[in-house]
Amino acid sequence: MNKFRTPLKNVRGLGAAKTGTEHFVLQRLTATALVPLTIWFLVFVLSLLNADYVTAADAVAKPWNAILLVGFLVAMFWHAQIGLQVILEDYIHNSLLALALQTTVKFIAVLGAIISVFAVARIALGVA
0 MNKFRTPLKN VRGLGAAKTG TEHFVLQRLT ATALVPLTIW FLVFVLSLLN
50 ADYVTAADAV AKPWNAILLV GFLVAMFWHA QIGLQVILED YIHNSLLALA
100 LQTTVKFIAV LGAIISVFAV ARIALGVA
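Given below as structure tokens:
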């Protein structure tokens with residue numbers, strides 16, 4: 000009777016805990032968002048190449064620049080965290096070390112995003 004069972008029986012309930020597709024889609028979405036945002040960011044930074052602090056702060060304080068900069072920062076940290084998570088899942092086989100590294104990566108990504116967005120908000124609101 001067992002010889003008539005399909006290989007699907009052997010893999011049910013195993014695998015990436017049904018989050019593999021979500022990570023794949025999120026990484027592609029953040030990568031897609033980062034293409035125009037990175038181009039904008041490079042143009043923005045190059046336009047401020049010889050600017051002083053006041054000129055640069057004024058440029059960041061403009062609403063569209065602040066919004067695009069926050070979008071760039073959030074997408075960048077999110078994309079980096081997802082990418083590093085996939086790498087760690089693929090190459091770290093010690094479960095305790097993997098958990099510690101995953102937690103560290105997530106903590107650093109969230110902390111970096113919060114600090115970066117806070118800095119942009121301070122400049123944009125004139126608190127700096």
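At position 108 of the sequence shown the residue is numbered 107 (numbering that gives the first Met the number 0), and the sequence of numbers has no breaks. Note that the Cβ used here is the ideal one computed from N, Cα and C, for glycine as well.
*Tell whether a beta-carbon distance below 8 angstroms holds between tryptophan 39 and leucine 83.*
no
*asked:* Taking contact to mean 3 or more Cβ pairs, one atom from each stretch, closer than 8 angstroms, check whether the segment 66-81 and the segment 108-117 are in contact.
replied: yes
*Separation of leucine 96 from glutamate 21, as counted between CA atoms*: 24 angstroms
_Does the contact criterion of 3 or more C-beta pairs under 8 angstroms hold for the segment 21-31 versus the segment 75-94?_
yes
*asked:* If you reduce the DSSP assignment to three classes, tell me which class lysine 61 lands in.
replied: coil
*Beta-carbon proximity list for phenylalanine 106, same chain, < 7 angstroms, skipping 5 on both sides*: none
*Which residues mark the beginning and the end of the alpha helix (DSSP H) in which leucine 48 is found?*
Looking at the DSSP string, leucine 48 is not in any alpha helix (DSSP H), and its letter there is neither H nor E.
*Where alanine 56 and leucine 110 are concerned, what is the direct C-alpha to C-alpha distance, given to the nearest angstrom?*
23 angstroms
*Identify whether leucine 110 lies in helix, strand or coil by the three-state DSSP scheme.*
helix
*Straight-line gap, asparagine 93 to alanine 65 (C-alpha atoms, nearest Å)*: 42 angstroms
_isoleucine 86, DSSP secondary structure in three states_ = helix
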